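All residue numbers for the sequence shown refer to this note's numbering, where the first residue is 9 and numbers rise by one. Idealized CB from N, CA, C, for every residue including glycine. Every value quoted in this text rests on a predicted model; they were computed, and no experiment measured them. Here's the structure, in structure tokens; my notes come after.
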Amino acid sequence: MNTSRLLRVRISGALLLASSTLAIAMTSPAQADTTAPCNTGNGPDAVADTSDDTLECGENASATGGNATAVGNGSAASGSLSLAVGDSASATANNGTAVGQFAQAGDAASDTNASAFGRSAQATAAGATAIGAASDAFGTNSTAIGILSVATGADSIAVGRLAQASTARSVAIGTGASATGDEATALGEAADASGQAAIAIGNDAESSGVGSIAIGSNTAGADVFGVIAGGRATIAIGSETRIYADGAIAIGGDLDNDGLGSSANATGNVALGADSFAVGLNSVAIGAGSIADLNDSVSVGSETNRRVITNVAPGYRDDHAVTLGQVNALLSGGGTPGVVVNVDGGFSPTATGTGSIAIGDGAIADGSEAVVVGATSGANGNGATTFGGFANATGTNATALGFSANAGANNATTLGSSSSASASGAVAVGTSVQASGIDSVAIGTGSSAGFANSVALGSGSTASAANTVSVGSTGFERRITNVADGVADSDAATVGQLKAIAGNDKFATNGTTGTATANGTNSLAIGAGTIAEGTNSIAIGLDTADPGDVGAFASGQGALAVGAEAQAQGSNTIALGAGSLALQDNTLSIGNSTLKRRITNVADAQDDNDAVTLGQLNDALADSATPFVKVNGATGNAVAGGLNAIAIGTVATAGGAGSIAIGGDTIGGANSTRADGTGAIAMGSFANSGSGDGAIAIGVRARGDGANALAIGTDATAFASGTAIGNLSFVNALTGTAIGESAFVSGNNSVALGAGSAALQANVVSVGSASQQRRIVNVAAGSAGTDAVNVAQLNSALNGISGANNRFFGINSTGTSASATGIDALAIGALANAVGNRGVAVGVSAVASQESANSFGTRARAEGINSASFGADARALANNAIAIGAGSLANANFATAVGRSAIATGDSSTALGRAAEAFGANSAAFGTGARAAAQGVAFGQTARATGNNTTALGQQALASELLATAVGNTSSATAQSATAIGSRAKAAFAGSTAVGANAETTAANQVTLGGTGSAVRIGDIAASTQAQVGPVSVVTVDEAGTLGRQTVATAASVDNVRVSMNTMQAITDAQIQNLSGSISALDGRITGLAFQLEDLDQRTRGGIAAAMAMGGTMIVPDSTFSVSANVSTYQGEQGFSGSIAARVRERVYITASVAGSTAEKSTGGRVGVAFGF
9 MNTSRLLRVR ISGALLLASS TLAIAMTSPA QADTTAPCNT GNGPDAVADT
59 SDDTLECGEN ASATGGNATA VGNGSAASGS LSLAVGDSAS ATANNGTAVG
109 QFAQAGDAAS DTNASAFGRS AQATAAGATA IGAASDAFGT NSTAIGILSV
159 ATGADSIAVG RLAQASTARS VAIGTGASAT GDEATALGEA ADASGQAAIA
209 IGNDAESSGV GSIAIGSNTA GADVFGVIAG GRATIAIGSE TRIYADGAIA
259 IGGDLDNDGL GSSANATGNV ALGADSFAVG LNSVAIGAGS IADLNDSVSV
309 GSETNRRVIT NVAPGYRDDH AVTLGQVNAL LSGGGTPGVV VNVDGGFSPT
359 ATGTGSIAIG DGAIADGSEA VVVGATSGAN GNGATTFGGF ANATGTNATA
409 LGFSANAGAN NATTLGSSSS ASASGAVAVG TSVQASGIDS VAIGTGSSAG
459 FANSVALGSG STASAANTVS VGSTGFERRI TNVADGVADS DAATVGQLKA
509 IAGNDKFATN GTTGTATANG TNSLAIGAGT IAEGTNSIAI GLDTADPGDV
559 GAFASGQGAL AVGAEAQAQG SNTIALGAGS LALQDNTLSI GNSTLKRRIT
609 NVADAQDDND AVTLGQLNDA LADSATPFVK VNGATGNAVA GGLNAIAIGT
659 VATAGGAGSI AIGGDTIGGA NSTRADGTGA IAMGSFANSG SGDGAIAIGV
709 RARGDGANAL AIGTDATAFA SGTAIGNLSF VNALTGTAIG ESAFVSGNNS
759 VALGAGSAAL QANVVSVGSA SQQRRIVNVA AGSAGTDAVN VAQLNSALNG
809 ISGANNRFFG INSTGTSASA TGIDALAIGA LANAVGNRGV AVGVSAVASQ
859 ESANSFGTRA RAEGINSASF GADARALANN AIAIGAGSLA NANFATAVGR
909 SAIATGDSST ALGRAAEAFG ANSAAFGTGA RAAAQGVAFG QTARATGNNT
959 TALGQQALAS ELLATAVGNT SSATAQSATA IGSRAKAAFA GSTAVGANAE
1009 TTAANQVTLG GTGSAVRIGD IAASTQAQVG PVSVVTVDEA GTLGRQTVAT
1059 AASVDNVRVS MNTMQAITDA QIQNLSGSIS ALDGRITGLA FQLEDLDQRT
1109 RGGIAAAMAM GGTMIVPDST FSVSANVSTY QGEQGFSGSI AARVRERVYI
1159 TASVAGSTAE KSTGGRVGVA FGF
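Next comes the structure, spelled out in structure tokens:
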């Protein structure tokens, strides 16, 4: 760098005054005329004239953009409205600003609003800001503050020396802080957040996992890392805490200061407490110094520091911890007559019948060979059987299986939660099923068979007449499909086979008493009165009853009915033997409710799906020593761990009291059917009712995970007391209900009806989704306040509002719907949101979030109780606040802001006028740009009452100190308790008062009447003279204009005046002439002396101005040479200087300066040396 050239440029400038208009021309020789604004050409002979609106100052400076300014050698401002200040500074962006040597604002004009401040600072993207030597802001709207700081990502922020924010929306604050993951945040010296959305807070904190959080500092000194969160979704809090596994949590610190705090070293581990360690897989360590080094363990201490766990509730599941009281009670317990089991110490079960069994809290078995398993359940009848909490089987051979299941008649059978079979021989299978006809059968959730011998198959099916079979309901019919072609003579034929015969795709062989009917595709019917309805079904048998009855009947897909009046109604069912009835899919029946048959000569079962023999069952019962039921396969043991629980199937697990798990892993995998909650039911391979009490999961991989959750269907899922019915249906909301395949509910207390329907908000009913809508038809006109209205009612209402009857109201919006969730709330406009009770939000994106809040206007916000905002972007953010006007803000209780961009931020403050601001409690600002502090009042355009308890009245009036008062345009009271009254009056001293236009005080506690050139008049002097009593005085004025008085009207003073007059009469004319000559000579000498004093005074002022300018020498950090140029002014004289500082070695600098002023003979110089230690 040519430092001598730089120095020459900076000290060769001239500042010239011409006809009171200031023009600036840099370089030598300089010229200045009276034309403004100034414009300087490049190189020598620069002239300030009116050639354009640019300003160029410095050798080779270039300002080519509209209204651009370039100051400094080689500086370039090519962007519109750009500013480049400094040697080789460059402002290419429109509205760009580059200040400092080699500073750069933008690579192109499109990098609008880029700003760079500091040597070699670079801001090369739109909206980017770089502040500090060698700082870089490369991302759009990025900010880099600090030496060598870098902000690369869009909207990123880097603050601090060497801070780095390299990805979109990342934040790095602190010396050496680094945020390199997307949306990562690093706060603290050398903090490092490299994972996506990671957070690192504290010196040396490191967060490298996706979504990980590290909070803490390095307290162990150098060469030791601080807190580390190295896995995905991990949380590490505390000095020297370490995590390297996904999902782990470690909270604590380094208690013994050995450089290692708490640590969780396996996936999902948890360590809570200083120096706690969770080492084993899936382990938890709780407490300072605790160590969990075993897999699947929870530790509250260590081998040398054990803790007692107190206040433990009694366990009631197989995997719960038990208390010492439970153990003591179990050891001291005994049996009762019959077989009764009660583990939890509640009401004892009762078994009163011969051979009866009662298991469960309050269970009652009242009948010969009655069996009841379940809390508060009953089996009341000979041979009655009950399994499940709150279930009842009342009647001979009645069977009830499931939570709240009820079999209320002889030979009635119920399987399913909340289902009922209330007639003799009735069968109910599923949730909420009703079978109330004699010998009726209802299978499927919500199905109903209410007539004798009627059958209802499938969810929601209804049998509405006696002796009928229904597979649906009105408007919800089903076909029976997938029947295979018959091969052997006795096989059922399909519709396809029958069509191939005589132009028909069915096959029927008749007897002599009735016609065989084969209606199903590829079906076969053989025998008088036989019917094969299902696809690939076969019916072989005769009608042995009255003419007109049905013989063998196969209505299910792939069903087989063999035998007189045998019926196979479920898919892939088989009914063998006369009168046999097979109703459920994939079942085999060899009888009916009144006709039972034994299967003999059965080999012992080996596989999970083999039938077991009585011998195997007896052996299993003999081995049972617990109050649970479990049936195993060959590949894994069923586990009935809960009180009165039932587990049937390979590795099926019933862990909750009164729970039932039926099904399992049929291929020997690790998953299994599970029911862990009290009264929970899980049925189907891999079905899981979780740990929720009363939860039900029915179907392959069905999951009901939450208290009273219900999931029915393959892959159906219900969390948090929700209800999901249908394959792939999903509910994750309190009391949510999803019905239909892939129906989805995430809003609390919401309902989704229909396949693919989605209810994403709370308290709504959805019959479709964003991409699939449905109409709700046949809706009656609503009458109550909460009823739905139909289109006819809506059209009628709209006609009344916006039709011919009302020409003054209309709504048109294609945006996202408004939301009014508060009680009696109102929201109008796309995305308008009225959350508070009785809130009103009117306008696009308007928000009323508190009670009785009102917002009117686009993006208007009323977020305080009883607050109100009016206008686009108006904000009333505190209780009882009012904001009126676009962009207005009332951000304190009882604050009022009226006017565009008006701001009231003090309690009970008032701002009235565009950009008016009342920023203190009880302040008031009235007028455009008026400002008032606490207890202050500002009235007038740009009036400012910025001191506490001040008053400023008038355009540009200023009262800036405590208790100051300024009244009048441009008046100012800038000292404590000062008062200025009048246009341009100034009171700048404590307690002073200036009254009158241009009046100005010069001392504390002074009163000034009138300004320079103003006369002071007192009315009616004569009246005042008459009112005087005693000695009188004259008013005196000193050089500073201060008033005083002197008494002159005494008798002695009058006599003295007479004597003096007599003496003067004796003086001759010659004496007077001589005296006149002497006085003239003296006057000449005084005049000469005055000129000398004036010249001395000017040079003195010039010297002071030059000294002031020379005092501005600066040394730029990390530079070898630093060059400074300064200007100053002192009492009408202007000073200027140029200086250079050179670093000759580490901590040793040599400086030289030259200064001058507008006074003659005021140029001087100096050299110096500086040492650093």
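Using CA coordinates, which residue listed in the options is at the minimum distance from residue i?
| i | options | result |
| --- | --- | --- |
| alanine 420 | Phe395, Ser412, Ile446, Leu170 | Ile446 |
| cysteine 65 | Gly74, Ser83, Gly73, Asn75 | Ser83 |
| alanine 924 | Gly944, Gln949, Phe902, Asn901 | Gln949 |
| glycine 126 | Pro1125, Arg1174, Ala1150, Thr1137 | Pro1125 |
| alanine 741 | Gly452, Ser118, Ser86, Thr725 | Thr725 |
| arginine 867 | Glu859, Gln858, Ser860, Ser877 | Ser877 |
| glycine 698 | Ile139, Gln575, Asp713 | Asp713 |
| isoleucine 365 | Ile207, Val379, Ala1149 | Val379 |
| glycine 650 | Asp200, Gly368, Thr312 | Gly368 |
| alanine 1178 | Ile654, Ile1123, Val1131, Ser774 | Ile1123 |
| glycine 955 | Gly962, Ser980, Gly935, Arg240 | Ser980 |
| alanine 462 | Leu589, Gly94, Gly114, Thr686 | Sequence inspection shows serine at residue 462; the alanine mentioned does not correspond to that position. Looking at the Cα atoms, Leu589 is the closest of the given residues. |
Quick check on residue i: buried or exposed, where buried means 16 or more other Cβ atoms within 10 Å of its Cβ?
| i | result |
| --- | --- |
| valine 435 | buried |
| lysine 1169 | exposed |
| phenylalanine 110 | buried |
| isoleucine 691 | Position check: residue 691 holds methionine in this sequence, whereas isoleucine was assumed. Result: buried. |
| phenylalanine 738 | buried |
| glutamate 573 | buried |
| glutamate 485 | exposed |
| serine 307 | buried |
| glutamine 130 | buried |
| glycine 1140 | exposed |
| glutamine 172 | buried |
My assumption, with CB atoms under 8 Å, is that residue i sits in contact with residue j. Please give the rounded CB distance.
| i | j | result |
| --- | --- | --- |
| glycine 830 | valine 850 | Contact doesn't hold; Cβ gap of about 14 Å is too wide. |
| glycine 666 | glycine 370 | Glycine 666 to glycine 370, Cβ: 11 Å. No contact. |
| alanine 300 | glycine 288 | 6 Å |
| alanine 540 | glycine 559 | Rounded, the Cβ-Cβ distance is 11 Å, inconsistent with contact. |
| alanine 237 | glycine 255 | At roughly 11 Å, the Cβ-Cβ gap does not stay under 8 Å, so alanine 237 and glycine 255 are not in contact. |
| alanine 942 | glycine 928 | 3 Å |
Give the range of the beta strand (DSSP E) segment to which residue i is assigned.
| i | result |
| --- | --- |
| phenylalanine 947 | 945-947 |
| tyrosine 1138 | 1129-1138 |
| alanine 1238 | An answer regarding residue 1238 cannot be provided, because it is not within the stretch 9 to 1181 covered by the chain. |
| valine 463 | 463-465 |
| glutamate 64 | 63-65 |
| methionine 691 | 689-691 |
| asparagine 862 | 862-864 |
| asparagine 888 | First-last for asparagine 888: undefined, no H or E at that position. |
| aspartate 212 | Premise fails: aspartate 212 is in no beta strand (DSSP E) and is neither H nor E. |
| valine 93 | 91-93 |
| isoleucine 831 | Element bounds for isoleucine 831: n/a, residue is neither H nor E. |
| serine 877 | 876-878 |
| aspartate 374 | 372-374 |
| leucine 961 | 959-961 |
Should residue i be flagged as near chain B, meaning a C-beta pair shorter than 7 Å?
| i | result |
| --- | --- |
| alanine 1011 | Of the protein chains in this structure there is only one, and it is not chain B. |
Can you find at least 3 beta carbon pairs, one from the stretch 761-770 and one from the stretch 785-792, that sit closer than 8 Å? Because the criterion of three Cβ pairs below 8 Å is not met, the stretch 761-770 and the stretch 785-792 do not touch.
Evaluate the contact criterion for the stretch 450-459 versus the stretch 531-548: three or more CB pairs, one atom per stretch, below 8 Å. Because the criterion of three Cβ pairs below 8 Å is not met, the stretch 450-459 and the stretch 531-548 do not touch.
How about the stretch 209-226 and the stretch 246-264: do they share at least three Cβ pairs that are nearer than 8 Å? With a cut-off of 8 Å, the stretch 246-264 and the stretch 209-226 count as touching, because enough Cβ pairs lie within range.
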